[in-house]
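Chemist:
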Amino acid sequence: MMKKLLAPALSAGIALATLPVATQAQVNGMAVAEAAVAVAGSQPLQSGFQQVGTTYESQITALEQYQTQRQQLLQQLDTNGDGSLDESEQAVLEDANNTVVQQIASLEQNINTVQAPIQMARLYVVSQVAEQYGPAVQQVISDRQIQIMLSPEAVVYAPDEANVTELISQAINSRLPSVSITPPQGWQPTQATVNLYQQVQQVFAIARAQQQAAAAQAPATAPATGSGR
253 MMKKLLAPAL
263 SAGIALATLP
273 VATQAQVNGM
283 AVAEAAVAVA
293 GSQPLQSGFQ
303 QVGTTYESQI
313 TALEQYQTQR
323 QQLLQQLDTN
333 GDGSLDESEQ
343 AVLEDANNTV
353 VQQIASLEQN
363 INTVQAPIQM
373 ARLYVVSQVA
383 EQYGPAVQQV
393 ISDRQIQIML
403 SPEAVVYAPD
413 EANVTELISQ
423 AINSRLPSVS
433 ITPPQGWQPT
443 QATVNLYQQV
453 QQVFAIARAQ
463 QQAAAAQAPA
473 TAPATGSGR
């Protein structure tokens with residue numbers, strides 16, 4: 253499979269996926285591109301998500317607190333302490349008279365209420381970037397004289413130089429200098445936008461996991477020593 257490098261984002265406190273710029277944009281007229289990575293790596297999406305993070309900073313903080321409280325309550329239902337809810341423990345969630353279950357339900361309602369405008373803003377950002385993905389692909393195809401464009405799922409092996417994902421991100425950047433985080437009144441995302449948003453979130457999650465793994469493996473910095481005098 254083609255080599256992919258994931259690097260930490262410098263904005264919005266998230267990790268983004270980037271790919272090395274290919275020294276040759278295609279191999280024998282064939283190229284590979286990954287839509288979610290191209291969208292996640294584009295500047296308008298990163299800037300848009302950063303703006304959402306700034307605009308909804310207090311709501312995001314509240315959301316994290318609600319999620320932490322919910323997790324703590326779920327842990328109370330983990331009576332055998334194995335870190336997960338087995339079938340019998342999950343059955344308690346059906347008991348509407350259980351005080352802990354009532355508290356969880358209340359928190360979930362708060363989570364959904366706070367989360368809704370944040371997700372809608374991010375979905376709107378994704379939708380604007382997605383509109384430029386097709387034209388950006390066509391631009392790269394034309395510029396690099398690509399004859400066949402494949403997705404990673406259709407490829408068993410491809411050298412790094414066949415990967416044009418970052419070139420597509422760059423084309424999106426040139427076509428879409430900025431995005432809005434405020435959807436028009438009545439706007440609703442299409443299912444395709446929701447699917448792409450979920451894929452972008454997966455790209456971020458993988459990048460975060462790789463970043464955390466790299467940090468865990470990094471050797472500790474040796475403490476500074478005195479002159480000995």
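Here this note's numbering is used: the first residue of the sequence shown is 253, the next is one more, and so on. Virtual Cβ for every residue (Gly too), placed ideally from N, Cα, C.
Check whether the Cβ atoms of Ile398 and Ala283 lie closer than 8 angstroms to each other.
Modeler: Here residue 398 is taken as the residue at index 146 of the sequence shown, counted from 1. Here residue 283 is taken as the residue at index 31 of the sequence shown, counted from 1. Contact: yes.
Chemist: What's the C-alpha gap between Thr307 and Gln453?
Modeler: For the purposes of this step, residue 307 is taken as residue 55 along the sequence shown, with counting starting at 1. For the purposes of this step, residue 453 is taken as residue 201 along the sequence shown, with counting starting at 1. Using only the alpha carbons, I get a separation of about 19 angstroms.
Chemist: Taking the C-alpha atoms as reference points, what is the distance between Glu418 and Ala388?
Modeler: As a position in the sequence shown, residue 418 is number 166, starting the count at 1. As a position in the sequence shown, residue 388 is number 136, starting the count at 1. The straight-line gap from Cα to Cα measures roughly 11 angstroms.
Chemist: Who are the Cβ neighbours of Ala288 in its own chain at under 6 angstroms, not counting the five residues just before and after it?
Modeler: Working through the sequence shown from its first residue, we reach residue 288 at position 36. Closer than 6 angstroms at the Cβ level, and outside the excluded window around Ala288, lie Gln451, Val452, Val455.
Chemist: For my contact list, Val446 and Leu375 are in at a C-beta cut-off of 8 angstroms; report their separation, rounded to the angstrom.
Modeler: Taking the sequence shown and counting its residues from 1, the one referred to as residue 446 is at position 194. Taking the sequence shown and counting its residues from 1, the one referred to as residue 375 is at position 123. The Cβ separation is near 7 angstroms, so the contact holds.
Chemist: In or out: Ala406 buried (at least 16 other Cβ within 10 Å) or exposed?
Modeler: Numbered from 1 along the sequence shown, position 154 holds the residue referred to as residue 406. By the neighbour-count rule (16 or more Cβ atoms within 10 Å), Ala406 is not buried but exposed.
Chemist: Indicate whether the contact test is met: 3 or more Cβ pairs, each with one atom in the segment 362-371 and one in the segment 343-351, closer than 8 angstroms.
Modeler: Counting Cβ pairs under 8 angstroms, fewer than three are found: no touch.
Chemist: When burial is assigned at 16 or more other CB atoms within 10 Å of the CB, is Val378 buried or exposed?
Modeler: In the sequence shown, residue 378 corresponds to position 126, counting from 1. Val378 is buried by the Cβ-count criterion.
Chemist: Tyr318 and Leu359 look like a contact to me (Cβ under 8 angstroms); what is the Cβ gap, rounded to whole Å?
Modeler: Position 66 of the sequence shown, counted from the start, is the residue given in the question as residue 318. Position 107 of the sequence shown, counted from the start, is the residue given in the question as residue 359. That pair is a contact at about 5 angstroms.
Chemist: Please state if the CB of Gly300 and the CB of Ser421 are separated by a distance shorter than 8 angstroms.
Modeler: Taking the sequence shown and counting its residues from 1, one reaches residue 421 at position 169. Taking the sequence shown and counting its residues from 1, one reaches residue 300 at position 48. Not closer than 8 angstroms, so no.
Chemist: Can you tell me whether DSSP reads Leu428 as helix, strand or coil?
Modeler: Walking along the sequence shown from the start, residue 428 turns up at place 176. Three-state result, Leu428: coil.
Chemist: DSSP state of Ile433, grouped into three classes?
Modeler: Counted from its first residue, the sequence shown places residue 433 at position 181. Note: Ile433 maps to coil in three-state DSSP.
Chemist: Starting from Ala287, follow the beta strand (DSSP E) in both directions and report where the run begins and ends.
Modeler: Taking the sequence shown and counting its residues from 1, one reaches residue 287 at position 35. Ala287 -> not in any beta strand (DSSP E); alpha helix (DSSP H) instead, spanning 287-292.
Chemist: What number of angstroms, rounded off, separates the C-alpha of Ile312 from the C-alpha of Ala457?
Modeler: Counting from 1 along the sequence shown, the entry for residue 312 is found at position 60. Counting from 1 along the sequence shown, the entry for residue 457 is found at position 205. Rounded to the nearest angstrom, the two C-alpha atoms are 17 angstroms apart.
Chemist: The beta strand (DSSP E) spanning Ile400 covers which residue range?
Modeler: Working through the sequence shown from its first residue, we reach residue 400 at position 148. Element bounds for Ile400: 400-402.
Chemist: Does DSSP put Ala470 in a helix, in a strand, or in coil?
Modeler: Within the sequence shown, numbered from 1, the residue matching residue 470 stands at position 218. DSSP places Ala470 in coil when its eight states are reduced to three.
Chemist: For Ala470, count the other beta carbons within 10 Å of its own beta carbon; 16 or more makes it buried, fewer makes it exposed. Which is it?
Modeler: What you label residue 470 is simply residue 218 of the sequence shown in a count that begins at 1. Exposed: under 16 other Cβ atoms inside 10 Å.
Chemist: Curious, which full-length alpha helix (DSSP H) runs of at least 4 residues does the segment 332-366 contain?
Modeler: Runs found: 339-343.
Chemist: Can you say whether Ala467 is buried or exposed, counting buried as having 16 or more other CB atoms within 10 angstroms of its CB?
Modeler: For the purposes of this step, residue 467 is identified with residue 215 of the sequence shown, where counting begins at 1. That one is exposed.
Chemist: Name, in chain order, the residues that DSSP records as bridge partners for Ala283.
Modeler: The residue labelled residue 283 in the question sits at position 31 within the sequence shown. Paired residues: Met401.
Chemist: Out of Ala459, Val431, Gln463, which one is the CA nearest neighbour of Gln302?
Modeler: Position 50 of the sequence shown holds residue 302. Minimum Cα distance to Gln302 is reached at Val431.
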